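Visitor: Per our numbering: the sequence shown = residues 127 to 522.
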Amino acid sequence: MAVMIFAVEERIDHSTDRQAKSRLKMKVPLLDLHSQYGTLREELRAAALRVMDSQQFILGPDVAALEDEIAVYTRARHAVSCASGSDALLLALMALDVKAGDEVVTTPYSFFATAAAIARVGARPVFVDIDPLFYNIVPDKIEAAITERTRAIMPVHLYGQCAEMSAIMEIGERHGIPVIEDAAQAIGAEDEERQAGTIGTIGCFSFYPSKNLGGAGDGGMMTAGDDELARRLRMLRVHGSETKYHHQLIGINSRLDSLQAAVLRVKLPHLERWSEARRENAERYHQLFEDAGLLEEISLPAVRPQVRHIFNQYVIRAGARRDALIAHLKQNDIGTDVYYPVPLHLQECFSYLGYGEGDFPEAERAARETIALPIYPELTEEQQSYVVESICGFMR
Ligand SMILES: *Cc1c(COP(=O)(O)O)cnc(C)c1O
């Protein structure tokens with residue numbers, strides 16, 4: 127059991143958190159995979175055993191079926207699986223023939239893989255700052271960063287909310303530049319009723335266990351509307367080959383395991399319900415923070431009109447007291463994390479790009495001030511109240 131309840135007397139004798147003292151002390155992990163596993167345990171084990179009995183581990187019928195099911199779910203024309211979300215980004219760039227000397231405009235505030243994929247193909251990540259409310263790349267700044275060397279725009283739908291895709295697509299189309307969506311955190315999110323990952327030229331998804339649809343290990347998927355591009359993606363993930371031992375392209379080995387596909391096929395039918403539960407939890411947090419009178423001290427996630435946010439993360443802004451708040455919540459057995467503490471332009475490995483402190487003030491401020499709270503679907507009302515009360519205790 128990941129949720130443990132302790133008697134107050136045992137656990138918070140010296141707590142300054144008066145409201146929490148009146149309640150039972152709880153443990154609230156940032157993410158609890160055990161409770162979800164508990165509800166699907168038999169089905170998941172049967173699926174894994176079925177693959178073991180088939181002894182067909184690479185690609186195979188479960189992988190093909192998962193691709194079809196993801197294509198239906200995302201309403202994409204093509205879905206091509208691969209070994210991880212990171213590889214999906216890399217393969218997308220390779221399929222579009224982005225290479226040394228090229229530039230790709232992207233956000234400095236994302237998981238490392240976004241910019242790493244660009245650097246991996248030899249191209250230059252060109253960062254532009256984010257919006258302070260939504261934490262996504264600002265379309266006007268993309269426009270200003272485009273040069274004759276720009277070969278792609280790579281927006282990230284951070285935390286499960288789409289970047290401003292209409293404006294981004296308009297810029298891409300006007301300049302004839304493809305758009306690769308990093309939808310790793312955003313499966314099932316929508317922007318003006320279009321599914322994340324299906325708006326741009328190629329959409330990239332991750333099945334890392336902490337994502338809304340998480341496997342039992344690594345996994346990824348790419349979506350595309352163009353037949354030829356989908357064919358290239360399919361070839362590139364198997365060393366650039368369509369016919370065994372005949373290589374038309376220099377690809378990589380990035381196949382999805384049958385075991386992962388089988389696990390993901392068990393979970394996919396529940397994805398909508400899980401994402402709805404995350405959305406409901408986000409609404410409940412909003413109500414609880416409002417009731418606690420905390421809307422001045424902290425900024426809650428802002429949701430753009432016309433989008434469906436699927437809350438892979440619930441990120442609040444706690445200002446200059448962020449690190450102290452994290453320590454306080456840790457003392458109260460509440461799991462948090464920072465996505466992300468170091469913006470990409472300040473990563474050591476990217477020092478050759480020549481960026482410095484102050485180049486992207488909003489990304490840097492977000493890295494200093496934000497904190498992710500538990501939002502997973504199985505989170506209970508009591509746990510959420512406890513999180514909010516603990517934050518209240520800290521702020522007062
Ligand atoms: C998780 C993630 C990735 C990478 O996915 P992996 O499957 O872990 O390789 C890329 N971009 C973003 C924004 C992510 O959150």
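Ideal Cβ placement from N, Cα and C applies to all residues, glycine included. Every value quoted in this text rests on a predicted model; they were computed, and no experiment measured them.
Have a look at R381, L414, P467 and G323 and flag the residue whose alpha-carbon is nearest the alpha-carbon of A197.
Guide: Residue G323 is the option with its Cα nearest to A197.
Visitor: For the candidate residues E515, K267 and A450, whose alpha-carbon lies nearest to that of L420?
Guide: Out of E515, K267 and A450, E515 has the C-alpha closest to the C-alpha of L420.
Visitor: Can we count K393 as close to ligand 1, meaning its CB is less than 7 Å from some heavy atom?
Guide: No, Cβ of K393 sits at least 7 Å from all heavy atoms of ligand 1.
Visitor: If you follow the beta strand (DSSP E) that C208 is in, where does it begin and where does it stop?
Guide: From DSSP, the beta strand (DSSP E) with C208 extends over H204 to C208.
Visitor: Check whether the Cβ atoms of Y478 and H471 lie closer than 8 Å to each other.
Guide: Going by C-beta atoms, Y478 is not nearer than 8 Å to H471.
Visitor: Please classify T462: is it buried, with 16 or more other beta-carbons within 10 angstroms of its beta-carbon, or exposed?
Guide: Per the 10 Å Cβ criterion, buried.
Visitor: Rounding to the nearest angstrom, what Cα-Cα distance links A270 and R360 in this structure?
Guide: Straight-line Cα distance between these residues: approximately 34 Å.
Visitor: Using only alpha-carbon positions, find the residue among V177, I442, G298 and I378 that is nearest to V491.
Guide: A quick correction: the sequence has Arg, not Val, at residue 491. The shortest Cα separation from R491 among V177, I442, G298 and I378 belongs to I442.
Visitor: So that I know if they touch, is there some Cβ in chain C lying closer than 8 Å to that of A446?
Guide: No chain C is present in this structure, which holds just one protein chain.
Visitor: Between which two residues does the beta strand (DSSP E) containing R277 stretch?
Guide: Where R277 is concerned, the enclosing beta strand (DSSP E) stretches over T276 to M280.
Visitor: Look up M467 in the DSSP assignment and say whether it is helix, strand or coil.
Guide: It should be pointed out that residue 467 corresponds to Pro in this sequence rather than to Met. If DSSP states are grouped into helix, strand and coil, P467 belongs with coil.
Visitor: Return yes when at least one heavy atom of ligand 1 lies under 7 Å from the C-beta of F253, else no.
Guide: Result no, Cβ not under 7 Å from ligand 1.
Visitor: Quick one, what's near ligand 1 if you take every residue whose CB is closer than 6 Å to any heavy atom, in chain order?
Guide: Residues flagged by the Cβ proximity filter: S210, G211, S212, S236, F237, A239, T240, V282, D308, A310, Q311, S332, Y334, D344 and G346.
Visitor: DSSP three-state call for N407: helix, strand or coil?
Guide: In the structure shown, N407 sits in a helix (DSSP, three-state: H, G or I).
Visitor: From this set, Y235, R250 and Y465, which residue's C-alpha is nearest V264's C-alpha?
Guide: The residue with the shortest Cα to Cα distance from V264 is Y235.
Visitor: Do you know how far the Cα of L159 is from the Cα of E507?
Guide: Computed Cα separation, rounded: 18 Å.
Visitor: DSSP three-state call for C288: helix, strand or coil?
Guide: Here C288 sits in coil by DSSP.
Visitor: Does DSSP put T506 in a helix, a strand or coil?
Guide: Correct three-state label for T506: coil.
Visitor: Considering D308, what are the terminal residues of the beta strand (DSSP E) in which it resides?
Guide: Per DSSP, D308 belongs to the beta strand (DSSP E) from I306 to D308.
Visitor: Counting C-beta neighbours from all protein chains within 10 Å, is the total for L175 16 or more, i.e. buried, or is it exposed?
Guide: Exposed: under 16 other Cβ atoms inside 10 Å.
Visitor: Suppose you measure from the CA of L362 to the CA of M178; what does that come to, to the nearest Å?
Guide: Computed Cα separation, rounded: 27 Å.
Visitor: Spell out the partners DSSP gives E229 in its beta bridges.
Guide: BP columns for E229 point to R250 and T276.
Visitor: Kindly confirm or deny that the stretch 242-255 and the stretch 213-221 touch, where touching means at least three C-beta pairs closer than 8 Å.
Guide: Taking 8 Å as the limit for Cβ pairs, the verdict is that the stretch 213-221 does touch the stretch 242-255.
Visitor: Under a three-way DSSP split, which group does T200 fall into?
Guide: In the structure shown, T200 sits in a helix (DSSP, three-state: H, G or I).
Visitor: What does Y235 pair with, by DSSP beta-bridge criteria?
Guide: DSSP output for Y235 lists no bridge partner at all.
Visitor: I452 lies in the alpha helix (DSSP H); which residues open and close that run?
Guide: R448 to Q457 is the extent of the alpha helix (DSSP H) around I452.
Visitor: L126: buried (16+ other C-beta within 10 angstroms of its C-beta) or exposed?
Guide: One cannot answer for residue 126 here, as it falls past the ends of the chain, which runs 127 to 522.
Visitor: In angstroms, rounded to a whole number, what distance separates the CA positions of R320 and R434?
Guide: If I take the Cα positions, the gap works out to 10 Å.
Visitor: I think Y285 touches N438, with their Cβ atoms under 8 Å apart; what is that distance to the nearest whole Å?
Guide: With 8 Å as the limit, Y285 and N438 qualify as a contact, their Cβ atoms being about 6 Å apart.
Visitor: Distance check for L185 and G345, CA to CA, integer angstroms please.
Guide: Between G345 and L185, the C-alpha separation is close to 12 Å.
Visitor: Rounding to the nearest angstrom, what Cα-Cα distance links C208 and C518 in this structure?
Guide: For C208 and C518, the distance between alpha carbons rounds to 44 Å.
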